[in-house]
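Number of protein chains: 4
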Amino acid sequence: MERVRLGMVGGGQGAFIGAVHRAAARLDDAYTLVCGAFTSDPARTRASGIELGLDPARVYGSHSEMFAAERKRADAMEAVTIVTPNHLHYSVARAALEAGFHVICDKPLTTDTMEAADLVRLTAASGRVFAVTYNYTGYPMVRQARAMVARGDIGTLRVVQVEYPQEWLAGPLEATGHKQAVWRTDPAQSGPGGAIGDIGSHAFHLACFVTARVPEQVLADLTSFVPGRSLDDNAHVLMRFPDGARGMLWASQVAHGYENALRLRLCGETGSLEWAQEEPDRLWFAPADEPRRLLTRGSPGVASEAERATRLPAGHPEGYLEAFATIYTDISRAIRSHPAIAADAMFPSVVDGALGVRFIAAVVQSSREGNRWIAL
Amino acid sequence: MERVRLGMVGGGQGAFIGAVHRAAARLDDAYTLVCGAFTSDPARTRASGIELGLDPARVYGSHSEMFAAERKRADAMEAVTIVTPNHLHYSVARAALEAGFHVICDKPLTTDTMEAADLVRLTAASGRVFAVTYNYTGYPMVRQARAMVARGDIGTLRVVQVEYPQEWLAGPLEATGHKQAVWRTDPAQSGPGGAIGDIGSHAFHLACFVTARVPEQVLADLTSFVPGRSLDDNAHVLMRFPDGARGMLWASQVAHGYENALRLRLCGETGSLEWAQEEPDRLWFAPADEPRRLLTRGSPGVASEAERATRLPAGHPEGYLEAFATIYTDISRAIRSHPAIAADAMFPSVVDGALGVRFIAAVVQSSREGNRWIAL
Amino acid sequence: MERVRLGMVGGGQGAFIGAVHRAAARLDDAYTLVCGAFTSDPARTRASGIELGLDPARVYGSHSEMFAAERKRADAMEAVTIVTPNHLHYSVARAALEAGFHVICDKPLTTDTMEAADLVRLTAASGRVFAVTYNYTGYPMVRQARAMVARGDIGTLRVVQVEYPQEWLAGPLEATGHKQAVWRTDPAQSGPGGAIGDIGSHAFHLACFVTARVPEQVLADLTSFVPGRSLDDNAHVLMRFPDGARGMLWASQVAHGYENALRLRLCGETGSLEWAQEEPDRLWFAPADEPRRLLTRGSPGVASEAERATRLPAGHPEGYLEAFATIYTDISRAIRSHPAIAADAMFPSVVDGALGVRFIAAVVQSSREGNRWIAL
Amino acid sequence: MERVRLGMVGGGQGAFIGAVHRAAARLDDAYTLVCGAFTSDPARTRASGIELGLDPARVYGSHSEMFAAERKRADAMEAVTIVTPNHLHYSVARAALEAGFHVICDKPLTTDTMEAADLVRLTAASGRVFAVTYNYTGYPMVRQARAMVARGDIGTLRVVQVEYPQEWLAGPLEATGHKQAVWRTDPAQSGPGGAIGDIGSHAFHLACFVTARVPEQVLADLTSFVPGRSLDDNAHVLMRFPDGARGMLWASQVAHGYENALRLRLCGETGSLEWAQEEPDRLWFAPADEPRRLLTRGSPGVASEAERATRLPAGHPEGYLEAFATIYTDISRAIRSHPAIAADAMFPSVVDGALGVRFIAAVVQSSREGNRWIAL
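Chains as they are written, first to last, in my numbering: chain A, 1 to 376; chain B, 1 to 376; chain C, 1 to 376; chain D, 1 to 376.
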């Protein structure tokens with residue numbers, strides 16, 4: 001399969017998530033980075049391009065300039081990755097679709113539900129691929145869990161416990177000028193959600209992906225513990241699912257001792273599943289009245305959905321970059337429309353992205369309006 | 001210290017918790033079981049007494065008979081343990097106090113807040129010891145956690161995550177006649193709470209004990225997943241603490257893969273703590289910006305409150321019976337009023353018991369009334 | 001079943017293992033402590049007797065005095081527990097057998113193989129029960145492992161990895177006068193083995209018990225790391241089993257970070273097992289080509305040998321005292337010769353004790369003679 | 001830094017380790033694969049080249065052809081990766097050095113100590129970089145452990161426990177024609193070591209790397225458990241280190257339940273360390289008389305040697321490919337001789353490779369000669 005030609009908006013030198021996207025695109029050799037509009041500062045953009053070994057002519061001052069110039073090239077970029085702060089996703093994504101490019105956008109899709117709905121409509125009209133990088137669903141054992149729920153291994157779903165605690169914002173890091181902290185705690189750049197937007201939306205998507213369900217209603221209690229912080233840094237959410245299942249979601253950025261501790265537990269009528277991001281190659285399965293079993297990536301009996309997302313034998317750890325790369329490689333297959341394999345592609349779409357934006361909005365509304373149930 | 005002479009109401013042959021109380025009383029050699037009114041069936045009561053090696057003259061047909069007869073003896077029982085189904089706790093406890101005995105009562109204290117309040121009043125007037133066996137606070141590392149919170153090791157409390165999932169009622173076990181399941185799912189015997197009463201109240205007490213705080217308000221969503229069950233078998237509760245801390249409590253008896261998985265996590269401004277009942281000798285401590293530390297029972301640096309509750313060197317596991325015995329031994333010290341050591345006694349009192357009853361009532365009310373905040 | 005009347009030699013105030021034996025005897029209510037000869041110091045012996053609530057007339061100045069006096073009583077002690085330092089086991093045990101008492105002796109049985117053999121002979125002639133408290137085989141999941149090996153769950157045994165690291169003697173604790181450290185590092189009191197005798201013999205017995213096999217040969221490398229220590233504090237041993245299985249044993253008392261970390265791993269042709277003393281309620285089972293399973297005490301499917309040694313439901317931790325109590329209770333059944341249940345009794349006998357002494361001797365010899373194979 | 005132009009010998013379609021080397025080279029964008037001689041079958045070699053997107057003119061029929069052709073190009077490959085079966089390493093590596101290329105060779109370096117010594121000499125004379133991919137030392141927390149030992153965090157080294165159990169050869173997989181199993185169990189292709197060569201040599205190198213020590217003597221007991229297998233599939237090794245430390249090494253390919261369970265434990269006079277490959281981002285540190293600490297990749301206080309090998313924040317798992325890529329990137333720095341950073345390069349050299357070959361030979365000799373000590 002020929003490599004997809006990729007451009008990038010955002011992600012200049014020093015940006016964390018831009019480097020992650022590039023490594024993810026590179027890992028399975030499914031993309032070539034051909035151009036970028038990395039920052040709004042021409043000198044830093046140029047330096048980023050040189051460091052990445054790009055043709056200087058294809059390092060652009062802005063995304064509009066890039067889209068316009070690339071459209072005219074025979075070897076034009078085919079897809080663009082958007083890794084800017086959240087509040088810029090919408091305008092860049094819209095412009096990319098209008099210019100005819102496939103879009104890969106970091107989450108959350110937008111900071112506003114109207115804008116998100118607009119991108120859903122535009123994508124449908126465009127015939128382009130639009131992916132939102134909820135990267136955690138690229139982990140093989142997450143896909144294993146989804147396959148097991150789908151085939152009935154835990155029976156009717158009853159309880160969904162999902163949590164995503166982190167510790168890095170337990171103090172007023174933004175006051176020190178820490179770049180990642182500053183924009184994440186600024187409503188103008190992040191949107192209305194703090195922890196709930198930055199990581200709660202990952203937890204929400206993970207629960208939806210594995211259960212193949214979306215909650216009907218949420219009830220939330222958001223808190224800002226760090227003095228002076230305007231966005232939430234701790235979120236407690238109750239969820240009700242369509243067929244009677246109930247859930248709890250905890251997202252926190254003030255939880256000492258938790259590095260990146262996304263974790264999902266599902267209890268069904270005939271069994272339970274548990275997965276934790278910090279030990280991603282493992283999935284606990286507790287069938288009723290039998291000993292718990294530790295399923296591992298790459299081991300006998302793992303579902304084909306998980307097997308397909310696996311590079312290494314069991315016991316050879318795969319991690320965050322590999323899961324991210326799986327999302328990227330799945331997207332490349334959809335872009336290439338390879339009929340035999342596109343059917344297997346399993347990545348979060350613009351619709352999933354819009355749902356995440358809706359979730360954030362509903363949680364914020366519930367918390368503001370006295371912790372009442374809000375329909376999604 | 002002379003052994004405390006103990007009587008028992010309930011706990012005949014085949015009863016789980018009666019045997020646990022007796023082993024707990026025996027383990028540290030602080031009690032002698034001298035009499036009992038084990039069941040309402042004379043033959044089974046007699047057989048229980050024989051099996052326990054009691055003087056047949058002190059195996060009684062009812063608690064009233066026992067209290068009346070024992071009062072007249074020179075070697076009368078001094079304290080009574082009440083291990084009947086929940087709905088009988090009140091009348092037995094009341095009669096015991098009125099007859100002048102110390103009382104050790106299983107939880108929940110009563111099935112009704114009025115009755116609980118009555119016992120608080122009667123106890124105050126009686127000058128007797130009244131203990132409620134929230135046994136999990138007997139674990140040394142729970143006491144270590146309490147000591148650490150008290151001395152400021154995690155700073156201002158922010159988040160309380162407590163959970164108590166079990167699996168044993170995931171199916172309709174009560175329909176098979178299983179004795180433990182039948183009374184626990186019967187409102188007439190258990191009171192208004194199902195999982196929230198049976199185990200949620202343990203989780204609540206644990207959180208209160210370790211944080212030395214009581215939530216001001218709770219908001220709850222209770223569910224009965226097993227068809228035909230009238231009491232909740234899954235409880236999701238949000239909590240608000242007086243000084244701004246927020247909490248989540250999950251209690252479930254339909255969670256496959258969880259045997260007795262009580263777990264408490266506390267996040268404060270400068271650190272976190274985590275304790276799990278199934279690995280009770282361990283306590284995780286995460287101080288800000290330092291590696292997590294695994295504190296263990298019996299190891300250097302453990303607080304005196306934990307050390308005092310320890311029998312064996314580090315690495316020699318203590319378990320459920322030892323923790324239960326620690327509660328019993330603490331109670332015996334209070335009964336003996338040994339001035340030097342009674343100050344160290346640390347066991348749940350009738351006030352704690354009444355608070356637990358109030359918690360159950362508030363949770364049930366919140367769930368019935370549309371999941372709104374209810375003050376405790 | 002009537003309680004067994006028990007006497008004790010050794011185990012005065014402050015002795016660790018004496019208190020453990022008494023709690024173990026008491027836990028299941030199968031024994032009554034009736035007399036003792038606790039120390040060679042009359043005052044301390046008396047004080048110990050008072051603290052234990054014994055009849056002062058039955059607190060004796062020496063074991064000979066006790067055996068002589070008790071023989072004459074109608075309510076004489078029936079069995080004696082020997083918890084003196086190792087070098088005294090032989091003479092006390094011999095005298096007890098000659099006086100017609102059942103014997104429960106701490107390990108190692110003796111410090112010398114000749115003496116051990118003598119006790120085996122005397123026991124056979126006496127018709128008395130002689131138990132050696134290798135207490136770790138009282139854990140239910142150890143018995144589960146033994147049952148699984150016996151019924152072929154892991155197929156032909158191939159590899160035995162057993163280890164017992166501790167940290168408490170990593171420094172020259174004996175130089176501070178620490179009582180436990182002093183006698184354990186003194187060949188005159190401990191015998192020829194240091195770590196290999198104190199804990200290596202436990203590891204050896206555990207491996208033999210679970211596999212139902214005894215190594216034919218051992219090859220060992222013993223070291224004394226702490227300056228001035230004459231006995232080994234670290235032991236590396238290779239083992240060859242009769243039917244081709246091979247093993248490694250590591251015992252160490254200088255291993256920081258290990259509290260009491262006895263652990264056994266067995267690999268067979270069709271599966272593996274792993275058990276660790278610090279998480280005693282769990283047993284890992286890895287059948288070929290299937291996910292690992294976590295078996296737990298008290299859960300469905302556990303073998304009757306394990307079930308019988310269980311007091312509490314799954315998830316309610318049992319620990320060191322419970323396992324020790326199981327050994328004691330099994331011994332009491334043998335003493336009572338209750339035909340229906342004695343067949344289930346499963347405790348280490350004088351023969352197991354003698355084998356342990358032989359193991360220590362062989363390991364010491366191998367290490368002294370250039371690390372060559374020594375037959376057991 | 002300009003990408004290093006890389007060629008590959010071996011590693012055609014379907015080969016496991018070839019794909020791993022390519023992904024490792026690609027991950028940090030430090031190499032460009034420019035040519036290859038992938039198999040001895042021209043059609044499969046061509047197909048491999050096409051799949052990898054290589055210029056067909058640079059897909060060669062043999063390594064000699066490749067070396068000869070590439071030497072003449074202005075854009076010639078600079079380094080060659082050798083991923084053939086073990087018995088071919090020597091001739092290819094020798095030819096590569098003679099042709100002036102840098103060499104990256106999979107382990108073991110050769111199947112014979114003479115050949116290994118020859119490569120050490122040739123490398124010294126050539127002025128080229130020669131790396132042997134003991135990839136596990138690329139893990140950041142392995143480097144953390146090495147830094148901690150070096151700076152004295154555990155004091156004088158006493159005990160080294162290293163093990164590498166796997167399960168995949170527990171049955172006669174080679175009899176099914178399984179390619180990986182066939183060559184690894186064939187002395188003609190693998191050399192004299194089975195499990196000890198394939199994975200024991202990794203364990204040995206890991207222990208040497210972290211302790212910065214090489215054992216002086218080894219004593220080994222090798223076994224072939226699977227009927228018909230001529231090479232060892234289980235290895236038990238005792239080790240003696242120069243300054244008095246003692247060690248045990250267990251390598252097994254018949255250990256059900258162990259996927260790739262390389263694990264190192266070090267006990268020193270003042271502390272211990274433990275690292276396990278299947279949870280590579282974690283390192284346990286037990287300082288004397290203090291709680292155990294769980295150090296994690298990317299967290300505050302981690303040594304610069306570990307920090308430099310880290311791509312992602314703490315809690316975002318890195319795995320096997322990342323560690324392998326770190327080795328590759330370190331090699332690229334040495335090749336580029338970037339003075340500022342080459343000093344940091346930390347990868348196994350031809351000398352380490354030769355030492356591993358010597359280790360395998362000594363272990364095999366010890367086992368054959370009655371399990372006696374053999375000097376390394």
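Glycine included, each C-beta is placed from N, C-alpha and C at the ideal position.
{"query": "Bridge-paired residues (DSSP) for Tyr31(D)", "result": "Val4(D)"}
{"query": "Cβ shell of Asn135(A) (< 7 Å), same chain only, five flanking positions each side left out", "result": "Ala323, Phe324, Ile327"}
{"query": "Of the listed residues Gly370(C), Val20(C), Ala57(C), Lys72(C), nearest to Thr410(C) (C-alpha basis)", "result": "This structure cannot speak to residue 410(C), because chain C is shown only from 1 to 376."}
{"query": "Per-residue DSSP class, three states only, for Phe241(A)", "result": "coil"}
{"query": "Inter-stretch contact at 8 Å, needing at least 3 Cβ pairs: the segment 225 to 237 of chain B / the segment 162 to 182 of chain B", "result": "yes"}
{"query": "Residues sharing a beta bridge with Val302(B), DSSP", "result": "Answer by DSSP bridge pairing: none, since Val302(B) is not bridged."}
{"query": "Coarse secondary structure for Ala340(D), derived from DSSP in three states", "result": "Confidence in Ala340(D) is poor, its pLDDT being 47 and thus under 50, which makes the residue's placement unreliable; the coordinate value appears in the next sentence. Helix at Ala340(D)."}
{"query": "The segment 287 to 301 of chain D: positions lying closer than 9 Å to chain B by Cβ", "result": "Asp289, Glu290, Pro291, Arg292, Arg293, Leu294, Leu295, Thr296, Ser299, Pro300, Gly301"}
{"query": "At least three beta-carbon pairs within less than 8 Å, the segment 204 to 217 of chain B to the segment 349 to 356 of chain B", "result": "yes"}
{"query": "Within 8 Å of chain F by C-beta, residues of the segment 317 to 342 of chain B in sequence order", "result": "Absence of chain F from the displayed structure is noted, the protein chains being A, B, C and D."}
{"query": "Ser304(A), buried or exposed, once every other Cβ within 10 Å from all chains shown has been counted against 16", "result": "exposed"}
{"query": "Member of Glu167(C), Glu78(C), Val160(C), Leu6(C) whose CA lies at the smallest distance from the CA of Arg265(C)", "result": "Val160(C)"}
{"query": "Unbroken alpha helix (DSSP H) run spanning Ala47(C), endpoints", "result": "42 to 51"}
{"query": "Asp55(B): CB within 6 Å of a non-hydrogen atom of the ligand HEM", "result": "The ligand HEM is not part of the structure shown, which contains no ligands of any sort."}
{"query": "Cutoff 7 Å: Asn260(B) Cβ touching any chain C Cβ", "result": "yes"}
{"query": "Unbroken stretches of the alpha helix (DSSP H), 4 residues or longer, contained in the segment 129 to 162 of chain B", "result": "140 to 150"}
{"query": "Under 8 Å by beta carbon: chain D residues contacting His178(C)", "result": "Correct list: empty, because the minimum Cβ distance to chain D is about 14 Å."}
{"query": "Bridge-paired residues (DSSP) for Thr223(D)", "result": "Asn234(D)"}
{"query": "Beta carbon proximity, His63(B) to chain A, threshold 7 Å", "result": "no"}
{"query": "Chain-ordered residues of the segment 247 to 279 of chain B with a beta carbon less than 8 Å from chain C", "result": "Tyr258, Glu259, Asn260, Ala261, Gln277, Glu278, Glu279"}
{"query": "Coil, strand or helix - Ser349(C) by DSSP", "result": "strand"}
{"query": "The alpha helix (DSSP H) enclosing Val210(C), as first and last residue numbers", "result": "201 to 211"}
{"query": "Gln217(B) - partner residues in DSSP beta bridges", "result": "Arg240(B), Ala375(B)"}
{"query": "Cβ of Ala314(D) within 7 Å of any chain A Cβ", "result": "yes"}
{"query": "Alpha carbon of Gln180(C) to alpha carbon of Ala76(B), nearest angstrom", "result": "42 Å"}
{"query": "Nearest candidate by alpha-carbon position, reference Phe38(B), set Glu290(B), Ser190(B), Ser48(B)", "result": "Ser48(B)"}
{"query": "Cβ of Leu206(C) within 7 Å of any chain D Cβ", "result": "no"}
{"query": "Asn135(B) at chain A interface by Cβ criterion, 7 Å", "result": "no"}
{"query": "Nonlocal neighbours in the same chain, by C-beta distance under 7 Å from Ala342(D), ignoring five residues either side", "result": "Here the model assigns Ala342(D) a pLDDT of 47, short of 50, so the residue's position is not dependable and the matter cannot be decided."}
{"query": "Cβ neighbour criterion (16 or more within 10 Å) applied to Ser395(A)", "result": "Outside the shown range of chain A, which is 1 to 376, sits residue 395(A), and nothing can be said about it."}
{"query": "6 Å Cβ shell around Arg184(D) - same chain, five flanking residues per side excluded", "result": "Ser190, Asp198"}
{"query": "Below-7 Å beta-carbon distance, Arg282(D) vs any chain A residue", "result": "no"}
{"query": "Proximity of Ser272(D) and Gly257(C) at Cβ, strictly below 7 Å", "result": "yes"}
{"query": "Cutoff 7 Å: Arg26(B) Cβ touching any chain C Cβ", "result": "yes"}
{"query": "Three-way DSSP call (helix, strand, coil) for Tyr320(B) in this model", "result": "helix"}
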